[in-house]
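The sequence shown begins at 1 in the UniProt record's numbering and counts up by one.
All C-beta atoms in this analysis are idealised placements derived from N, C-alpha and C, irrespective of residue type, glycine included.
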Amino acid sequence: MDTTPDLLTLRIVRAIADHGTISKAALALGYSQPALSQHLSRSQARLGLALVLRSGRGVRLTEAGRALTSHAITVLNAVDAASAELAELAGLTSGTVRIAAFPTASSTLVPRLIRQLRERHPQLTINYVEAEPPQALQLLRDGAADLAITFSYPGDRSDPHLARDGGYSTVPLYTEPVVLVLPASHPSATSDAVKLADLASDPWIAGCTLCRGHLLALCDVEGFAPEIGLETDNALAVLSFVSRGLGVALLPQLALSSLTVPEGVSIHAPQPSSERTIQYVIQPGATRIPSVATAIATLRELGGTIWGLRDYPESERTAGLSRE
């Protein structure tokens with residue numbers, strides 16, 4: 001049992017104390033209600049204590065929750081004050097940071113990042129554009145973006161991050177599971193984990209270029225080439241297709257964290273297992289620009305567990321992967 005609460009849990013119990021319901025607390029913190037509830041459940045399990053109990057249409061704090069709230073106010077005020085002081089020391093009173101990120105980050109990581117930046121640094125101008133990793137890296141190379149949030153799959157030889165002419169630095173943030181989505185009526189829907197080889201005769205739905213390549217590589221290892229009849233980057237469309245029995249698909253965890261899974265969809269762990277790395281990418285010397293350094297520092301504060309991600313160890317985040 002670990003009785004050390006993380007900062008996000010402190011912010012959650014404080015918001016619940018202020019607003020009385022989980023949905024209002026989630027709105028105040030800039031999270032979806034399911035994501036906040038999941039993080040709170042994991043925190044209670046890790047702490048070994050219940051922090052909230054349902055009460056009528058809302059929730060109430062337990063004795064442990066009230067004790068944590070009393071400390072949360074002091075701790076969070078100190079953290080916010082430290083952040084403000086560091087920003088002042090860095091000379092960040094204004095400036096612009098241009099961010100590019102992939103679609104499922106647009107509905108999860110990015111809103112939280114921008115909200116925190118605007119709350120802490122109201123004079124900072126933030127520009128955002130949605131782009132898949134190859135396009136985001138091109139924006140970085142062209143000087144049209146300062147910070148790219150991207151993903152890559154292990155063993156992908158076509159990974160654009162490996163380009164010799166890139167000249168940028170890549171720092172891992174999270175490991176993101178990739179799950180298998182099946183129609184609820186599918187014969188394999190009763191299993192927790194499903195072998196991809198058992199789906200060799202099923203129609204498949206593919207996503208972006210990198211995701212499609214990953215699907216092909218996984219299936220090749222299992223000895224078959226998937227029949228891809230539908231292609232879309234839209235995760236909601238994928239779930240809609242699957243719910244109507246039009247195919248099976250792999251989806252990243254972030255897609256499920258930001259959407260309500262419709263009836264008729266069954267979620268499973270694929271065998272072999274699948275995951276990808278979420279990272280940020282910058283040009284050499286970018287951290288010497290106060291606005292960019294501030295955006296990076298804020299991004300690194302965002303714990304990924306609320307979205308079902310696994311945080312990279314801080315030592316690996318610090319080292320990064322320089323490709324110059």
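If I measure Cβ to Cβ from residue i and keep anything under 6 Å in the same chain, skipping five residues before and after, which residues do I get?
| i | result |
| --- | --- |
| residue 159 | 152 |
| residue 125 | 96 |
| residue 203 | 227, 229 and 247 |
| residue 199 | 248 |
| residue 98 | 127, 145 and 146 |
| residue 319 | With a pLDDT of 46 at residue 319, under the threshold of 50, the predicted position of this residue should be treated as unreliable, and no value is reported. |
| residue 161 | 152 and 170 |
Could you pull the start and end residues of the beta strand (DSSP E) that residue i belongs to?
| i | result |
| --- | --- |
| residue 274 | 274-282 |
| residue 268 | 265-271 |
| residue 12 | Residue 12 -> not in any beta strand (DSSP E); alpha helix (DSSP H) instead, spanning 7-19. |
| residue 325 | Because residue 325 is not part of the residues shown, which for the chain are 1 to 324, the question remains open. |
| residue 55 | 52-55 |
| residue 60 | 58-61 |
Measuring CB to CB, does residue i end up less than 7 Å from residue j?
| i | j | result |
| --- | --- | --- |
| residue 267 | residue 241 | no |
| residue 169 | residue 289 | no |
| residue 81 | residue 148 | no |
| residue 13 | residue 53 | no |
| residue 279 | residue 129 | no |
| residue 2 | residue 46 | yes |
| residue 64 | residue 49 | yes |
| residue 222 | residue 250 | no |
| residue 193 | residue 269 | yes |
| residue 245 | residue 183 | yes |
| residue 132 | residue 208 | yes |
| residue 56 | residue 20 | no |
| residue 83 | residue 120 | yes |
| residue 264 | residue 243 | yes |
| residue 257 | residue 35 | yes |
Please classify residue i: is it buried, with 16 or more other beta-carbons within 10 angstroms of its beta-carbon, or exposed?
| i | result |
| --- | --- |
| residue 308 | buried |
| residue 22 | buried |
| residue 322 | For residue 322, the predicted model reports a pLDDT of 41, less than 50, meaning its position is unreliable and no value from the coordinates is stated. |
| residue 225 | exposed |
| residue 150 | buried |
| residue 237 | exposed |
| residue 66 | exposed |
| residue 178 | buried |
| residue 260 | exposed |
| residue 262 | exposed |
| residue 155 | exposed |
| residue 276 | buried |
| residue 51 | buried |
| residue 140 | buried |
| residue 137 | buried |
| residue 291 | buried |
| residue 78 | exposed |
| residue 16 | buried |
| residue 273 | exposed |
| residue 5 | buried |
| residue 218 | buried |
| residue 336 | Summary: the structure shown does not reach residue 336, with the chain confined to residues 1 through 324, and so no result is reported for it. |
Starting from residue i, trace the alpha helix (DSSP H) in both directions and tell me its first and last residue.
| i | result |
| --- | --- |
| residue 241 | 235-243 |
| residue 292 | 290-301 |
| residue 250 | Taken as a continuous stretch (DSSP letters only), residue 250 belongs to no alpha helix (DSSP H), being part of the beta strand (DSSP E) at 248-252. |
| residue 28 | 22-29 |
| residue 45 | 33-47 |
Looking only at its chain, what residues have a beta carbon closer than 8 Å to the beta carbon of residue i, apart from the 5 residues adjacent to it on each side?
| i | result |
| --- | --- |
| residue 287 | 293 and 296 |
| residue 71 | 10 |
| residue 62 | 49, 50, 51, 52 and 53 |
| residue 298 | 113, 116, 117 and 120 |
| residue 18 | 25 and 28 |
So, at 7 Å on beta carbons, what are the nonlocal neighbours of residue i in its own chain, with the 5 sequence-adjacent residues on each side left out?
| i | result |
| --- | --- |
| residue 254 | 104, 105, 108, 176 and 307 |
| residue 30 | 111, 112 and 115 |
| residue 174 | 278, 304, 309, 310, 311 and 312 |
| residue 33 | 22, 23 and 26 |
| residue 235 | 104, 251, 255 and 259 |
Worksheet item: Can you list, in chain order, the stretches of the beta strand (DSSP E) that have 3 or more residues and sit fully within the region 68-142?
Response: 95-101 and 124-130
Worksheet entry | Any beta strand (DSSP E) of 3 or more consecutive residues that is wholly inside the region 168-244 | 168-183, 193-195, 203-206 and 227-231
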